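Novice: One structure, pasted below without further comment.
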Amino acid sequence: MKGSIVILTGAGISAESGIETFRAADGLWANHRVDEVATPEGFAANPVLVQNFYNQRRGQLRDEAIQAHAAHYALGKLEREYQGVVTVVTQNIDNLHEAGGSRRIIHMHGELLKSLCSSCGRREPLEGDLTVDMSCPACGRTGTLRPDVVWFGEMPYRMDEIMELLEECALFISIGTSGHVYPAAGFVETAAAHGARTIEINLEPSRIRSRFDEHRQGKAGELVPVLVEEILQGHIRF
Ligand code: APR
């Protein structure tokens, strides 16, 4: 069994599928106030606005034009063909890694296609819109369903498991993330401190570029398939 690989992904890997990133000049955070749509306080203040924001984003995933692309498919191939464990840890709440064939996926910031009951904690698959007058299928309470996404001020999911994977991995790859948001931005340091080789693929130098052994600059759809072939052919030492 070869050394394990952890791949951290961010909004940049979904960009070529037509989903906007957060911090680009025309990105989501340029057009919306983060505290309004991505905090528990924002949800408490205006649940209709927040539900609509995520309903719109969930609706995007039903759009046939939004498809996984070469980078997602390459990561699916890596998981199938590499003789060791490959885990995708994604900050993305879309389902494009699933569409690209990855199976070991940790959605650390949650998933658009699930609802969460803030009263009983039940998570349910969700395809359509959430509205404030819906009731939870588990506890029956009304007005408690929210998108199962991790907002600012909330703890990302499965952190213990992620830390263990980072400490054990031999190769850590970061794709399409700006390095602004912790704890994900700190993963490279944890992996490197435990001996992993670290590679970043990003359209522009991320905030944490200097912490990687190697930085490859360009589009994920072009660079990820190349890196995956290099790994599968044994050209990357780790
Ligand atoms: N290929 C590779 N990288 C790209 C591409 C592309 N085609 N397009 C854009 N990028 C890069 C950008 O240069 C940028 O550095 O992807 C990065 C996206 O950064 P952000 O918009 O900050 O997204 P992300 O890092 O995923 O944000 C982290 O912040 O708002 C929160 O919870 C939200 O999960 C999100 C977190």
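Take the sequence shown: its position 12, counted from the start at 1, is 226 in my numbering, and no numbers get skipped.
Don't be surprised by glycine CBs; every beta carbon is placed ideally from N, CA and C.
Fair warning: this is a prediction, and the values are worked out from it, not measured in the lab.
For V363, which of I307, T223 and E444 has the nearest alpha-carbon?
Specialist: Position 149 of the sequence shown, counted from the start, is the residue given in the question as residue 363. Per the Cα distances, I307.
Novice: Does DSSP put F386 in a helix, a strand or coil?
Specialist: The residue labelled residue 386 in the question sits at position 172 within the sequence shown. Three-state result, F386: strand.
Novice: Considering just the uninterrupted stretch of the alpha helix (DSSP H) at N260, what are its terminal residues?
Specialist: Within the sequence shown, numbered from 1, the residue matching residue 260 stands at position 46. No alpha helix (DSSP H) contains N260, which DSSP labels as neither H nor E.
Novice: Pull up the CB-CB distance for L289 and V302, whole angstroms please, since I reckon it's below 8 Å.
Specialist: For this step, residue 289 is matched to residue 75 along the sequence shown. For this step, residue 302 is matched to residue 88 along the sequence shown. Sure, about 6 Å apart at Cβ, within 8 Å.
Novice: Excluding the 5 residues flanking M322 on each side, which residues of the same chain have their C-beta closer than 8 Å to its C-beta?
Specialist: Walking along the sequence shown from the start, residue 322 turns up at place 108. Within the same chain, M322 has close Cβ partners V303, T304, Q305, V364, P370, Y371, R372, M373, I376 and A398.
Novice: Is DSSP giving G432 helix, strand or coil here?
Specialist: Taking the sequence shown and counting its residues from 1, the one referred to as residue 432 is at position 218. Three-state DSSP puts G432 in coil, outside helix and strand.
Novice: For a test of your reading of the model: does the CB of I415 fall under 8 Å from any non-hydrogen atom of the ligand APR? Yes or no.
Specialist: The residue you call residue 415 lines up with position 201 of the sequence shown. Under cutoff, so the answer is yes.
Novice: Which first and last residues belong to the beta strand (DSSP E) in which R337 is found?
Specialist: Translated into positions along the sequence shown, residue 337 becomes position 123. Residues R337 to P339.
Novice: Please determine whether the Cβ atom of R271 lies at a distance below 8 Å from any heavy atom of the ligand APR.
Specialist: Counting from 1 along the sequence shown, the entry for residue 271 is found at position 57. No, the Cβ of R271 stays beyond 8 Å of every heavy atom of the ligand APR.
Novice: Of all the options S420, N266, I280 and I319, which has the alpha carbon lying nearest to the alpha carbon of E234?
Specialist: Residue numbering aside, residue 234 sits at position 20 when the sequence shown is read from its first letter. Closest by alpha carbon: I280.
Novice: Threshold first: 4 residues or longer. Then list the alpha helix (DSSP H) segments lying entirely within the region 358-421, N to C.
Specialist: If we require 4 residues or more, the alpha helix (DSSP H) runs fully inside the region 358-421 come out as 373-382 and 401-407.
Novice: May I have the straight-line CA-CA distance separating L292 from V438, to the nearest angstrom?
Specialist: On the sequence shown, residue 292 is found 78 positions in, with the first residue counted as 1. On the sequence shown, residue 438 is found 224 positions in, with the first residue counted as 1. Rounded to whole angstroms, L292 to V438 spans 10 Å at the Cα level.
Novice: What are the start and end residues of the beta strand (DSSP E) that includes E325?
Specialist: Here residue 325 corresponds to residue number 111 of the sequence shown, with the count starting at 1. First-last of the beta strand (DSSP E) with E325: G324 to C331.
Novice: For the beta strand (DSSP E) that V248 lies in, which residues bound it at each end?
Specialist: Counted from its first residue, the sequence shown places residue 248 at position 34. It is not in any beta strand (DSSP E) - V248 instead sits in the alpha helix (DSSP H) that spans V248 to V251.
Novice: What separation, rounded to the nearest whole angstrom, lies between the Cα atoms of N260 and D347?
Specialist: On the sequence shown, position 46 is the one that residue 260 refers to. On the sequence shown, position 133 is the one that residue 347 refers to. For N260 and D347, the distance between alpha carbons rounds to 14 Å.
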